[in-house]
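Below is one structure, written out as structure tokens; comments come after it.
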Ligand SMILES: [Zn+2]
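Residue numbers (the numbering used here): 444 to 935.
Here is the structure:
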């Protein structure tokens, strides 16, 4: 079998032909996130060319409306939604002008990939599916809207800026899913919770030795999608050591450093500490004892973790007694990890929180947490837990970047309908689930709380990387599911 046929030469023989033609078009239009002018112009001229009502909203999203086909006038309105931007990445030896160059997409047996760059099937294939429905003269559908959003990948600006009241449909089918056969029916909302607190220091008393204690070698990971995998949080593990050491042999803290971002589980962390002369053997014994404890508690998951101490230059100052006690207690008491699992979706984390950054030194400490939940009131609840702990330490928690969750409803009429359609078409159950991370659907749901929503898509692997690859046969299956679902949409 031939390999690596340019998509340009192959798409005319690929099914469904209309979808692949539009996907090919998408590969020809530069559309990295925040630079969607060209793809927006293309979509507007596409809508206008079909004589369809085409609107550009004030953040640059494109909405195209298609009237119902004969006999379908009284069906519920359906919104097809996809994002027009793509992640721009390239291999080190690839020269690519993201403002002008097309994607060099090719077909290799059952997969479409790109030469040296991201493919942009995330979410170019979603855009192509919606376009194929809009321009079809044969697909039966009720009132239809296609919403193409800007900048999903680098901030969800399109969904965030979407005006309430613009969409008229009752049902939203998001086409940004990554596995054919997966029905996503919920996602997490969240917010950032940051603490910035000044504290008092004292000069380093005589008779103390300085060490840098390091907790290292943990896996880290995404604070939503990987929060339930039992991984250690290096910042929390470090704080536990500091608290024990202070109680046992008078350990004093000068600096703490762990983590890079609120939405990542810290992989490593270190603290500059001072130990009274004569207690160093206790400290060093504690280091190896603590490493043993962590290996016994976490070793099945964290196979490479280590706890070490290295002699350091004595710092001029340390936290004063009260600052160290209050701050270490607050860090230790800050909730971490999974707070609650979902009652109605198997294995879904409903609520979690992650302490992702801790920096203390030079009389100021900053702590950054990320709270997530598919239940909005639970975001408030965890926020109050954080405030409660930090108020005891005399600090305020600042909340920002709040976005709403999408609470899964496995019994929704849309989910039941599409499950039946999927079974009838493919003699197989779909995998119904939800994600513990933010999706555009959640943000849209926050503005349109009466929408019945689902997220689906063809199988597109390794998205956001230069190995991104779209599974050709899955595109026909998604189109078949879409067409039959539109046909069976219930009466208004
Ligand atoms: Zn996407």
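Think of the CB as a built atom: it goes at the ideal place given N, C-alpha and C, for glycine as much as any other residue.
Where does residue i fall in DSSP's three states?
| i | result |
| --- | --- |
| residue 465 | helix |
| residue 841 | strand |
| residue 621 | coil |
| residue 919 | helix |
| residue 786 | coil |
| residue 934 | strand |
| residue 739 | helix |
| residue 861 | helix |
| residue 846 | strand |
| residue 874 | strand |
| residue 936 | This structure cannot settle anything about residue 936, because the visible part of the chain is limited to 444 through 935. |
| residue 793 | strand |
| residue 886 | helix |
| residue 822 | helix |
| residue 384 | What is shown of the chain runs 444 to 935, which leaves residue 384 out entirely. |
With 16 as the cutoff for other CB atoms within 10 Å, does residue i come out buried or exposed?
| i | result |
| --- | --- |
| residue 789 | exposed |
| residue 877 | buried |
| residue 839 | exposed |
| residue 847 | buried |
| residue 607 | exposed |
| residue 586 | buried |
| residue 538 | exposed |
| residue 758 | buried |
| residue 731 | exposed |
Can you tell me the Cβ-Cβ gap for residue i and residue j, rounded? I've got them flagged as a contact below 8 angstroms.
| i | j | result |
| --- | --- | --- |
| residue 576 | residue 450 | Residue 576 to residue 450, Cβ: 21 angstroms. No contact. |
| residue 624 | residue 874 | 6 angstroms |
| residue 700 | residue 690 | Not confirmed; about 22 angstroms, so no contact. |
| residue 563 | residue 469 | 7 angstroms |
| residue 522 | residue 610 | 6 angstroms |
| residue 922 | residue 572 | 6 angstroms |
| residue 747 | residue 660 | 4 angstroms |
| residue 561 | residue 530 | 5 angstroms |
| residue 574 | residue 465 | 4 angstroms |
Which residue's Cα is closest to the Cα of residue i: the options?
| i | options | result |
| --- | --- | --- |
| residue 751 | 889, 726, 745, 508 | 726 |
| residue 642 | 915, 917, 803, 618 | 803 |
| residue 779 | 765, 723, 743, 709 | 709 |
| residue 907 | 559, 462, 553 | 559 |
| residue 682 | 649, 777, 602, 592 | 777 |
| residue 844 | 499, 705, 615 | 705 |
| residue 917 | 812, 568, 661 | 568 |
| residue 665 | 828, 815, 857 | 815 |
| residue 932 | 797, 571, 612 | 612 |
| residue 899 | 919, 889, 824, 890 | 919 |
| residue 883 | 540, 616, 453, 458 | 616 |
| residue 496 | 507, 881, 769 | 507 |
| residue 781 | 446, 672, 494 | 672 |
| residue 694 | 684, 896, 718 | 718 |
| residue 812 | 543, 637, 647, 759 | 637 |
| residue 652 | 934, 755, 830 | 755 |
| residue 647 | 632, 760, 744 | 760 |
| residue 644 | 592, 791, 808, 540 | 808 |
| residue 486 | 527, 766, 502 | 527 |
Open item on the list: Which complete beta strand (DSSP E) runs does the stretch 490 to 557 hold, if anything under 3 residues is left out?
Closed with: 496 to 499, 505 to 509, 521 to 526, 548 to 551, 554 to 557
TODO: Quick one: which unbroken alpha helix (DSSP H) runs of 4-plus residues sit fully inside the stretch 648 to 708? Chain order, please.
DONE: 677 to 692
Task: Segments of 3+ residues assigned as beta strand (DSSP E) that fall wholly inside the stretch 593 to 640 - done: 614 to 617, 625 to 630
TODO: Let me know the alpha helix (DSSP H) ranges lying completely inside the stretch 728 to 777, each 4 residues or longer, listed in chain order.
DONE: 764 to 776
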